[in-house]
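Peer 1: Here you go, one structure.
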Amino acid sequence: MSPNPQLNPRGELRHLLSIEGLPREVLLHILDTARSFLSVTEREIKKVPLLRGKSVFNLFFEPSTRTRTTFEIAAKRLSADVINLNVATSSQTKGETLLDTVDNLAAMHADMFVVRHATSGAPYLIARHVSPEIHVINAGDGRHAHPTQALLDVFTVRHYKGGFEHLKVAIVGDVLHSRVARSEIHALTSLGVPEVRVVAPRTLVPPHVEKMGVRVCHDPAEGLQGVDVVMMLRLQNERMRGALLPSAREFFRHYGLTPERLALAAPDAIVMHPGPMNRGVEIDSAVADGPQSVILPQVTFGIAVRMAVMAILAGSAP
Amino acid sequence: MRLAITGGLLVDPAAGTETRADLYVAEGRIVAAGEAPQGFRADRVLDAAGLVVCPGLVDLWARLGGPGAGLDGELAAAVAGGVTRLACPPDSDPPLDEPGLVEMLARHADSTALAQVHPVGALTCGLAGEKLAELGALSQAGCVAFSQGDRPVADLVVLWRALQYATTFGFRVWLHPEDGSLARGGVAHDGEVAGRLGLPGIPALAETVAVATALLLARDTGTRLHLTRLSCADSVEMVRRARAEGMEVTCDVSVHHLHLSELDLGYFDPLCRLEPPLRSQRDRDALAHGVADGTIQAVCSDHRPLDEDDKQLPFGEAGAGATGLELLLPLTLKWALHERLALPSALAPVTTGPARVLGLELPSLAPGAAADLCLFDPGAWWTVERATLRSRGANTPFSGYELSGRVRCTLVAGRVVYESR
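So the protein lines, in turn, are chains A and B.
End of the first sequence = 318 in the working numbering, gap-free, step of one.
End of the second sequence = 1421 in the working numbering, gap-free, step of one.
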């Protein structure tokens, strides 16, 4: 098997493709750096010159508004030039291959690619292909990984809970199709969270997920009992009917996060969601807008975390 | 042409023997081993010192790219890998569902005078799984068996009738067991690795359900059933039980599945995108033991050359398959080393085993046998890479591996069709 393509021979981060395989120190370094950027995002002049003269290409092969926008803001606050490409509607439909597209953009002197792709593993292909001075950030690939989302989630957890070693965390919903869940699991277990539970019906849990270090609970009452953090997952529209689930209504009946279910968690538990939310499907509005919800701060932290990732990558040697 | 092959180690899987002796060939047949027949004058002497001399390999599943396109190159790759006979599945473009196409393929293959091609005809028109192909006419044209390639018949009534019809005439049916609905959308074994990598899974059930169905239908109809390219431990067990109960079912496995597992996917290596998918280590071990104990009669190359572009894609979009004709021998030797098998047993699943499945004369080194021979150096190490392969495709998970066992010379009907020193 080839070595971890994310790290250079000195063990520094070259690309951010997945949380899996990243040493705890690397994760903590990103979180610490993000904390220092948090103040930048709160200043009147929200810019630092760390990426001045660098070009960041947002390469989105799958539509996204929120993630693309936060990457764009993060890059601009680092003074980079940002080029947004919605490839889903351009060259790929004309038959150009993924690597041809990448080669063309690399020839325009890109320094960093932020890639979202519907197929698991696509950013690995790009990272293996580009010349060593170009950095690749995975902004979500298929069902595989969404590392910056997981990083902003653990940043949020650390912000509100002060650490990881004493926590119980429940991840609730469609784990099977969720790149967010996979990255969250790796981030939480790597940072030392002693108990991570995934809460979902059997149809929405990937095979052998317990080998990733989590406890599987099909019963939400068992899964939520006493947890300090509840991470909800988005249920994609196309999964709500068919063979996986009978309906959105039935999912809400069994797994939706209502005030009653949340009461099973620790009294000071926080509620998170990667967005966009389906109110009344995975989460009740009373919870989403309630005092325990930290869903909007997650978005703010997301910018600082993405700034940290870009700054660390730009500072690493090929 | 009279040949004397001198100083080699003669390995005869049919007889289960290995002896150091000279071998004499005349008129396309073996005429003697050890002492030359009286008055034998060789036109050419092949020095086989340090080499193993064995029957040419028989490969049950090699895709050549259809009639015409690239056929010569792939048949050259076959003989470079010591393969002298191969069966070619019907799911080419166009599929082998018309006698004319089969004749064209056979004629073209004959014209190369390299490896012998045995076409496997389509069981249904266009492999669509709806209407029976003209099995009689296809058989006349040279088809040795009938198959759907990798396209399962979804409608069990059609499959049941197809088996009944084929059996009426004694035709063999080869099925690659995979339930289309259970496999739909999947790109990797539905196990730990696919779960972690977020790759849509093909569960082992997709195969075992199809094996169970095929065994039940074959038992009902009395079909001479062969299952191609098994990938699951449970399938091997089901076949073992069926054979123990007296069913004449046979099966094979691709040489890749004897060595690799889902863990080899690493970081989404598209070269490990295969059909059937690489499964767990337990499955791999059961397949390897299944060949050793004779439950699985043949090891095939599952040869499928692809262009580089087909593999320069994200894992799930990459073409499925690997080039294999030139790796069949070294990878079989590697398996045998692992299973601690002597050479005659090691070579049986790539010579006598598949020949029985095809219903051919058994490959052997006895006087009178066809002089389809492979001479290889068992101790020669070589690196698998573009430069060392003849096939159009260099797509193999073994790319970069060092393997031992290199073919030095291949003979078909007593003619040297490949030679390297």
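Even for Gly, the Cβ is constructed at its ideal location relative to N, Cα and C.
1. Per the contact definition of three or more C-beta pairs closer than 8 Å, is the segment 107 to 115 of chain A in contact with the segment 123 to 143 of chain A?
2. Going along chain A in order, which residues have a C-beta closer than 7 Å to the C-beta of Leu1199 of chain B?
3. Taking just the CA atoms, how far does Cys1251 of chain B sit from Leu17 of chain A?
4. Kindly indicate which three-state DSSP category Asp1234 of chain B falls into: helix, strand or coil?
5. Just reading off the beta strand (DSSP E) that Arg1020 of chain B is part of, what are its end residues?
6. Identify which residue in B:Val1157, B:Ala1077, B:Ser1092, B:Gly1198 has its Cα closest to the Cα of Ser1147 of chain B.
7. Mind checking which residues open and close the alpha helix (DSSP H) that includes Asp1059 of chain B?
8. What is the rounded straight-line gap between the Cα of Leu1360 of chain B and the Cα of Ala1076 of chain B?
9. Less than 8 Å between the beta carbons of His1176 of chain B and Gly1136 of chain B, yes or no?
10. According to the neighbour-count rule (16 or more other Cβ atoms, all chains shown, within 10 Å of its Cβ), is Arg1381 of chain B buried or exposed?
11. With a threshold of 6 Å on Cβ separation, who are the neighbours of Ala1087 of chain B within its own chain once the five nearest residues in sequence on each side are excluded?
12. How many angstroms separate the CA atom of Val309 of chain A from the CA atom of Ser39 of chain A?
13. How is Leu1075 of chain B classed by DSSP in three states: helix, strand or coil?
14. Should Ala107 of chain A go down as buried or exposed, given a rule of 16 or more other Cβ atoms within 10 Å for buried?
15. Comparing the C-beta of Phe1268 of chain B with each C-beta of chain A, is any distance below 8 Å?
16. For the segment 167 to 183 of chain A, enumerate the residues whose C-beta is nearer than 9 Å to any C-beta of chain B, in chain order.
17. In chain order, what residues of the same chain have a beta carbon less than 8 Å from the beta carbon of Glu165 of chain A, not counting five sequence neighbours either side?
18. Would you give the residue range spanned by the alpha helix (DSSP H) that Phe251 of chain A belongs to?
19. Take Thr1383 of chain B and list the residues in its own chain whose beta-carbon comes closer than 6 Å to its own, dropping the five residues that flank it on each side.
20. Quick check: Pro1314 of chain B and His1189 of chain B, are their CB atoms within less than 8 Å of each other?
21. Let me make sure I understand the geometry here. Which of A:Ile126, A:Thr119, A:Val305 has the alpha-carbon closest to that of Ala104 of chain A?
22. Using the Cα positions of Met1 of chain A and Gly1266 of chain B, report the straight-line distance between them to the nearest angstrom.
23. By the DSSP assignment, the alpha helix (DSSP H) with Lys161 of chain A in it spans what residues?
24. I'd like the list of long-range same chain contacts for Pro318 of chain A, defined as Cβ closer than 6 Å, with 5 residues on each side in sequence excluded.
25. Within the same chain, show all residues whose beta-carbon is closer than 7 Å to that of Gly1353 of chain B, passing over the 5 residues directly before and after it, in chain order.
26. Taking the alpha carbon of Leu27 of chain A as the point to measure from, which residue in A:Glu62, A:Leu188, A:Ser79 has its own alpha carbon closest?
27. Rank B:Arg1107, B:Leu1287, B:Val1249 by C-alpha distance to the C-alpha of Leu1260 of chain B and give the top, closest one.
28. Which residues does DSSP list as the beta-bridge partners of Met330 of chain A?
29. Counting only Cβ pairs nearer than 7 Å, list the residues of chain A close to Asp1190 of chain B.
30. Assuming Gly183 of chain A and Ile19 of chain A form a contact by the criterion Cβ under 8 Å, report the distance between their Cβ atoms to the nearest whole angstrom.
31. What beta strand (DSSP E) runs, 3 residues minimum, are completely inside the segment 1240 to 1289 of chain B?
32. Taking one C-beta from the segment 1355 to 1369 of chain B and one from the segment 1381 to 1400 of chain B each time, how about it: are there three or more such pairs within less than 8 Å?
33. Within the 8 Å Cβ cut-off, does Met1 of chain A reach chain B?
34. Would you mind giving the Cβ-Cβ distance between Arg1029 of chain B and Gly1414 of chain B, rounded to the nearest angstrom? I have them listed as a contact below 8 Å.
35. Name the residue from A:Pro3, A:His273, A:Leu204 whose alpha carbon lies nearest to the alpha carbon of Gly242 of chain A.
Peer 2: Let's see:
1. yes
2. Ser120
3. 41 Å
4. helix
5. 1017 to 1020
6. B:Ser1092
7. From DSSP, Asp1059 of chain B is part of no alpha helix (DSSP H) but of the beta strand (DSSP E) over 1057 to 1059.
8. 22 Å
9. no
10. The sequence given here places Trp at residue 1381 of chain B; Arg does not occur at that position. The residue is exposed, with fewer than 16 neighbouring Cβ atoms inside 10 Å.
11. Leu1060, His1118, Val1120
12. 16 Å
13. helix
14. exposed
15. yes
16. Leu176, His177, Ser178, Arg179, Arg182
17. Gly192, Val193, Pro194
18. 248 to 255
19. Glu1402
20. no
21. In the sequence as presented, Ala is not what sits at residue 104 of chain A; that position holds Asn. Comparing Cα positions, the closest option is A:Ile126.
22. Confidence in Met1 of chain A is poor, its pLDDT being 49 and thus under 50, which makes the residue's placement unreliable; the coordinate value appears in the next sentence. Using only the alpha carbons, I get a separation of about 6 Å.
23. 147 to 161
24. Unreliable placement is indicated for Pro318 of chain A, whose pLDDT of 48 sits below 50; the coordinate value is still reported in the next sentence. Within the same chain, Pro318 of chain A has close Cβ partners Pro132, Glu133.
25. Gln1297, Ala1298
26. A:Leu188
27. B:Leu1287
28. Residue 330 of chain A falls outside the range modelled here, since chain A spans only 1 to 318, and no answer is possible.
29. Pro207
30. The question names Gly, yet the displayed sequence has Ser at residue 183 of chain A. With 8 Å as the limit, Ser183 of chain A and Ile19 of chain A qualify as a contact, their Cβ atoms being about 5 Å apart.
31. 1250 to 1254
32. no
33. Only weak support is given to the placement of Met1 of chain A: the predicted model assigns it a pLDDT of 49, under 50, and the value that follows is read from those uncertain coordinates. Yes, its Cβ sits closer than 8 Å to a Cβ of chain B.
34. 7 Å
35. A:Leu204
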